[in-house]
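S.K.: In the UniProt record's numbering, the protein residues as written are 1 to 339.
Okay, handing you the structure first.
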Amino acid sequence: MEIFALPWPKELNCSSVPDSNDTTVCTGFNEANETPQIRDCDEDEVQCDTDRCIAKSYICDGFQDCRDYSDEKFCLCGSRPAYYPSPLRVVNGDEVKPGTWPFVVELLGGRRRVHFCGAVIIGQRWVMTAAHCIGPKRKSDGIYLNIGGIRRFAYSKYRQTKRAKVFYVHPDYSSMTVENDIALIETSSPIQFNDYVRPVCLPGSDDETPVGTRCYVAGWGKTGKNEADFSPTLMEVSLNIVEWRKCKKDIDNAPITTPFELKSNNICAGGGFSHDACSGDSGGSLLCPSDPSGDTWKATGIVSWGLGCAVPNIPGVYTQVSKYASWIRNVTRNGVMVP
C-alpha cells in the first residue's frame, strides 16, 4: 500500500507476519520495504544521481535527466555561442568582441580595482590563474573578478563582478623558480553562465596538444614592452605550440638571461616576430581547440613567464594544465569537470 502512498492500517502489523501464498495473510511487505539494489552501469550508460543509470546519449542533450543536473551542468565548457568572426585588428594582437572568449577573466586589486592579471573560468564558483599572480596572499580581501567585460573602462551589459573568497596556491609553487605556477580562486557567489560568460574545458591528465597546434592567448596585458599601461580592451593573439626540446634550446641560447628553467610541467608556444603574451597577461590561459573539427576550447596552459615580450625566436612559457588535473579535481571537490 505504501507504494501507492496509502497508509498501512494501524491495527495491521505486517512486519510480524511472514510472506505467504495464502491470500488471507499480508504479503509483499518485505519486498516493498527492502533497500533497492544499485547495479553497476553498463558500458553504454553512466551513473545518474546515486541510485540509477542513464544512457550516455542522454548526456548534454538539453534535457535534465538527473536530479543533481550532473548530466547537463558541464556541457557549456569551451563553447562560444555568441562568437562570430571579426575583421578588427598581447603584442600585435587583435581586439576581440563580446562573446569571442567567454571564459576569460580580469583580476582587479586594491581600492581602485586596478588590473594586475588574467584568469579563466573553470566552474560556477572557480577560476584558474597563475600562482605568481597570487603570491603569498592568503586573504582575498580587495580582489575582484571582472567577468564578461571586454573594455576595462566602458559599460557592458554582460559584465559580472565577483569577489574572491579563497585562494588555493599549488603547495609546491616556488617563487624562486616559478615552478608549479598554478592557483585556483573560489568566488564568493556563483558565476551566472550565459552566451557571453561560460567555463572553458579542462584537459585530462593524459591530454597532449600536438606541436604546431594553433592556439590563442587573450588578455589586457601591455601591447609592447615599452607601453606605459595595460590595454584598455581585451586583445587576442594566435600562437603555435612549440616542441619542448626546441623551446629549451631556444631559451638556453637566447641573448637574454633568465633565472628560471624550463621544466617538464611547462609547455611552450609562440616565438614568432611581434606576437606574444606580455606583462599583465600573466595568469591568463593558452586556449587550444579541444576538437580540431569544431569550436570547443580547452585551457592547455597558463601564462607563466618569458624572456621579454615578443622577442623573435623565443617562445613564451606556460604552465601545462594537464599535469595538474588531479590537484584541480581535489581542490574543487569535484566542482569542475576534469576528464
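Ideal Cβ placement from N, Cα and C applies to all residues, glycine included.
(1) Got a sec? Which residues, its chain only, sit under 8 Å from Y168 by beta carbon, not counting five neighbours each side?
(2) On a Cα-Cα basis, can you pick out the residue from N253, D40 and T177 that is closest to N313?
(3) Do the CB positions of Q320 and I267 come within less than 8 Å of each other?
(4) Would you list the one or two residues that DSSP bridges to R151?
(5) If we count the other Cβ atoms within 10 Å of its Cβ and call it buried at 16 or more, is S326 buried or exposed?
(6) When burial is assigned at 16 or more other CB atoms within 10 Å of the CB, is M128 buried or exposed?
(7) What residue does the beta strand (DSSP E) around I302 start on, and which one ends it?
(8) Would L88 be called buried (16 or more neighbouring beta carbons within 10 Å of its own) or exposed?
(9) List in chain order: all unbroken beta strand (DSSP E) runs of 3+ residues lying wholly within the stretch 77 to 131.
(10) What are the start and end residues of the beta strand (DSSP E) that includes A55?
(11) When the Cα atoms are used, what is the spatial distance from W297 to K139?
(12) Kindly indicate the opening and closing residues of the alpha helix (DSSP H) around R329.
(13) With 16 as the cutoff for other CB atoms within 10 Å, does R125 come out buried or exposed?
(14) Taking its Cβ as the centre, do 16 or more other Cβ atoms sit within 10 Å of Y318, making it buried, or is it exposed?
(15) Let me make sure I understand the geometry here. Which of I302, S205, V303 and L108 has the alpha-carbon closest to that of M337?
(16) Strictly by DSSP, which residues pair up with T161?
(17) Check V338 in the structure and name its three-state DSSP category.
(18) List the DSSP bridge partners of T187.
(19) Does DSSP put Y216 in a helix, a strand or coil?
(20) Where do the ends of the beta strand (DSSP E) carrying C247 lie?
(21) Rounded C-beta distance between S322 and I302? I'm assuming under 8 Å.
(22) Could you pull the start and end residues of the beta strand (DSSP E) that Y318 belongs to?
(23) Within this structure, are the beta carbons of P98 and I143 separated by less than 8 Å?
(24) What residue does the beta strand (DSSP E) around V46 start on, and which one ends it?
(25) Can you tell me whether Q160 is buried or exposed? The criterion is at least 16 other CB atoms within 10 Å of its CB, across all chains shown.
(26) Counting C-beta neighbours from all protein chains within 10 Å, is the total for R118 16 or more, i.e. buried, or is it exposed?
(27) Please confirm whether D94 and A130 have their CB atoms less than 8 Å apart.
(28) Which whole-angstrom value is the C-beta distance of V211 and E243, which I expect to be below 8 Å?
(29) Look up N240 in the DSSP assignment and give the residues it is bridged to.
(30) Looking at the secondary structure, which residues open and close the beta strand (DSSP E) in which P289 lies?
(31) What are the boundary residues of the beta strand (DSSP E) that I256 is part of?
(32) Please return the same chain residues whose Cβ sits closer than 7 Å to the Cβ of F230, not counting the five positions on each side in sequence.
(33) Beta-carbon separation of I54 and D65 under 8 Å?
(34) With DSSP as the reference, identify every bridge partner of N194, one or two as the case may be.
(35) Can you tell me where the beta strand (DSSP E) with N266 in it begins and where it stops?
M.R.: Looking at the coordinates:
(1) Closer than 8 Å at the Cβ level, and outside the excluded window around Y168, lie A183, L184, I185, E186 and V331.
(2) Ranked by how close their Cα comes to the Cα of N313, the residues N253, D40 and T177 have N253 in first place.
(3) I267 sits close to Q320, with the two beta carbons spaced by under 8 Å.
(4) In the DSSP output, where bridge partners are listed per residue, R151 has T233.
(5) So S326 counts as exposed.
(6) It counts as buried.
(7) Element bounds for I302: W297 to W305.
(8) Because L88 carries a pLDDT of 40, less than 50, the predicted location of this residue cannot be relied on, and no value is offered for it.
(9) Counting whole runs of 3 or more residues, the stretch 77 to 131 contains the beta strand (DSSP E) stretches 104 to 109, 114 to 123 and 126 to 129.
(10) Under the DSSP assignment, A55 falls in the beta strand (DSSP E) whose first and last residues are R52 to A55.
(11) About 31 Å.
(12) First-last of the alpha helix (DSSP H) with R329: A325 to V331.
(13) Buried: at least 16 other Cβ atoms inside 10 Å.
(14) Of the residues assessed, Y318 falls on the buried side of the cut-off, its CB having 16 or more other CB atoms within 10 angstroms.
(15) Nearest of I302, S205, V303 and L108 to M337, Cα basis: S205.
(16) T161 is bridged to N146.
(17) Secondary structure of V338 (DSSP, three-state): coil.
(18) By DSSP's assignment, T187 forms a beta bridge with A164.
(19) Strand at Y216.
(20) Taken as a continuous stretch (DSSP letters only), C247 belongs to no beta strand (DSSP E), being part of the alpha helix (DSSP H) at W244 to D252.
(21) About 11 Å separates the beta carbons of S322 and I302, which is beyond the 8 Å limit, so they are not a contact pair.
(22) Segment G316 to Q320, the beta strand (DSSP E) holding Y318.
(23) No, Cβ-Cβ distance for P98 and I143 is not below 8 Å.
(24) DSSP places V46 in the uninterrupted beta strand (DSSP E) bounded by E45 to C48.
(25) Q160 comes out buried.
(26) Note that residue 118 is Gly in the sequence shown here, rather than Arg. It is buried - the Cβ of G118 has at least 16 other Cβ atoms within 10 Å.
(27) 8 Å or more divides the Cβ of D94 from the Cβ of A130.
(28) The C-beta separation of V211 from E243 comes to about 5 Å, placing the pair in contact by the 8 Å criterion.
(29) Its beta-bridge partners are R214.
(30) Taken as a continuous stretch (DSSP letters only), the beta strand (DSSP E) holding P289 covers S285 to P289.
(31) First-last for I256: undefined, no H or E at that position.
(32) If you ignore the 5 residues before and after F230, its C-beta comes within less than 7 Å of the C-beta of H115, W220, G221, K222 and G280, all in its own chain and listed in chain order.
(33) I54 places its beta carbon less than 8 Å from that of D65.
(34) DSSP lists V197 as partners of N194.
(35) Following the DSSP letters along the chain, one finds N266 inside the beta strand (DSSP E) bounded by residues N266 to A269.
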